[in-house]
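For reference, each letter of the sequence shown is one residue, going 529 to 779 in this note's numbering. Reading through the structure tokens given below for one structure.
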Amino acid sequence: MRGKGCEMKPVIGITSYIRKDVFRNYSQVGYEYIEKIEKANGIPMILPVLQKYDDQELNKLIDCVNGIIFTGGCNVESQWYGEKPLGEETKEDVLRNGFERDLFLAAKKKKKPILGVCRGCQLINVMQGGTLVQNIDSQLNTAVYHKGTGCRISEKLHRVVLAEDSRLKNAYNEQEVPVNSFHEQCIKQIGTDLRITAKCCEDGVIEGVEYEGDFYMAGVQWHPEGMEDQLKLFEEFVDICLKNSDELALK
529 MRGKGCEMKP VIGITSYIRK DVFRNYSQVG YEYIEKIEKA NGIPMILPVL
579 QKYDDQELNK LIDCVNGIIF TGGCNVESQW YGEKPLGEET KEDVLRNGFE
629 RDLFLAAKKK KKPILGVCRG CQLINVMQGG TLVQNIDSQL NTAVYHKGTG
679 CRISEKLHRV VLAEDSRLKN AYNEQEVPVN SFHEQCIKQI GTDLRITAKC
729 CEDGVIEGVE YEGDFYMAGV QWHPEGMEDQ LKLFEEFVDI CLKNSDELAL
779 K
């Protein structure tokens with residue numbers, strides 16, 4: 529049960545990206561993440577992309593939060609899974625990717641709960657040794673419009689089927705869930721110690737994974753932060769982060 533007092537609310541770190549403008553650069557994140565965490569009774573904290581840091585500083589940052597959401601955005605480095613970028617425009621952000629790789633490894637070492645959204649789901653898979661389909665349109669034979677260009681974030685484009693006895697199934701309490709879709713890449717080979725928890729009903733594209741180890745780590749390919757009826761996933765994550773912090777306090 530989530531308490532009303534601030535001291536009972538877990539702090540949820542949310543990764544950001546650098547938006548470069550003419551006059552200045554911004555550390556930015558979709559506000560929908562902030563709204564969902566607040567509604568789920570957590571305290572959102574934006575994590576900027578750092579350029580200079582050591583292990584001690586990174587651990588200090590991680591100690592400030594009870595869990596981390598790895599958000600959507602640029603492509604994960606293709607060289608991390610043994611491939612070259614497909615096409616001239618890589619859409620890879622070396623600075624962000626490098627920071628989030630280190631952040632992920634440090635968070636995993638401390639067993640901080642992790643939730644990956646879209647790119648964040650792909651990051652989890654690659655960091656666990658998995659691979660990605662770099663371009664769904666050119667590499668997969670599917671009629672499903674996964675890219676979602678021109679669509680609203682609240683628009684439901686296809687359905688996903690949830691695996692039995694999975695965290696996603698427990699969170700949604702549904703066999704199938706309608707979702708939005710804004711990704712041109714997807715999971716190809718699933719990583720070590722991960723299980724598939726959601727697939728697109730129409731073409732079988734992997735849409736959800738979870739870690740089979742000793743702490744919470746899960747990812748979804750869609751953007752639940754943009755859908756009014758998908759607060760359940762964030763409520764579960766906030767609850768897990770609160771429980772995890774309580775357990776650590778007792779040790």
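Backbone N, C-alpha and C fix where the C-beta goes; we use that ideal spot for every residue, glycine too.
### Query
Ordered along the chain, which non-local residues of its own chain (more than five positions away) have a Cβ less than 6 Å from that of residue 761?
699 and 752
### Burial state of residue 649, where buried means 16 or more other Cβ atoms lie within 10 Å
buried
### C-alpha gap between residue 714 and residue 735, whole angstroms
8 Å
### Query
Does DSSP classify residue 530 as helix, strand or coil?
Because residue 530 sits at a pLDDT of 47, beneath the cut-off of 50, its placement in the model cannot be relied upon, and the following sentence gives the value as read from the coordinates. Residue state, collapsed to three classes: coil.
### Message
Taking its Cβ as the centre, do 16 or more other Cβ atoms sit within 10 Å of residue 730, making it buried, or is it exposed?
### Response
exposed
### Message
Measuring only the C-alpha atoms, how far is residue 676 from residue 711?
### Response
7 Å
### Task
Only counting runs of 3 or more residues, tell me where the beta strand (DSSP E) segments fall wholly within the segment 633-673, in order along the chain.
642-645
### Any 3 or more C-beta pairs closer than 8 Å across the segment 586-594 and the segment 547-564
no
### Query
If you count every other CB in all the chains shown that lies within 10 Å of the CB of residue 580, and 16 or more means buried, which is it?
exposed
#### Entry: Rounded C-alpha distance that separates residue 754 from residue 682
5 Å
### Message
Rounded to the nearest angstrom, what separates residue 722 and residue 772 at their Cα positions?
### Response
20 Å
### Message
Could you give the first and the last residue of the continuous beta strand (DSSP E) run that contains residue 589?
### Response
It is not in any beta strand (DSSP E) - residue 589 instead sits in the alpha helix (DSSP H) that spans 583-591.
### Message
When you compare the CB positions of residue 605 and residue 577, do they come within less than 9 Å of one another, or not?
### Response
no
### Query
Quick check: the segment 641-657 against the segment 735-750, are there 3 or more CB pairs under 8 Å?
yes
### Message
Less than 9 Å between the beta carbons of residue 716 and residue 631, yes or no?
### Response
no
### Task
Compute the beta-carbon to beta-carbon distance between residue 727 and residue 689, rounded to the nearest angstrom, for a pair I have assumed lies under 8 Å.
6 Å
### Query
Taking C-beta to C-beta, are residue 647 and residue 600 nearer than 9 Å?
yes
### Query
Helix or strand or just coil, what does DSSP make of residue 557?
coil
### Query
Does DSSP classify residue 625 as helix, strand or coil?
helix
### Message
Let me check understanding here. Comparing Cα to Cα, which of 665, 633, 702 and 667 lies closest to residue 745?
### Response
633
### Query
Whose C-beta lies closer than 8 Å to the C-beta of residue 695 among residues of the same chain, with five residues either side of it excluded?
725, 738, 744, 746 and 764
### Query
Are the beta-carbon atoms belonging to residue 537 and residue 705 less than 9 Å from one another?
no
### Task
Write down the C-beta distance between residue 674 and residue 707 rounded to the nearest angstrom, noting that I regard them as a contact closer than 8 Å.
Actually they do not touch by this definition, with Cβ atoms about 10 Å apart.
### Message
For residue 539 and residue 701, what's the separation of their Cα atoms in angstroms?
### Response
26 Å
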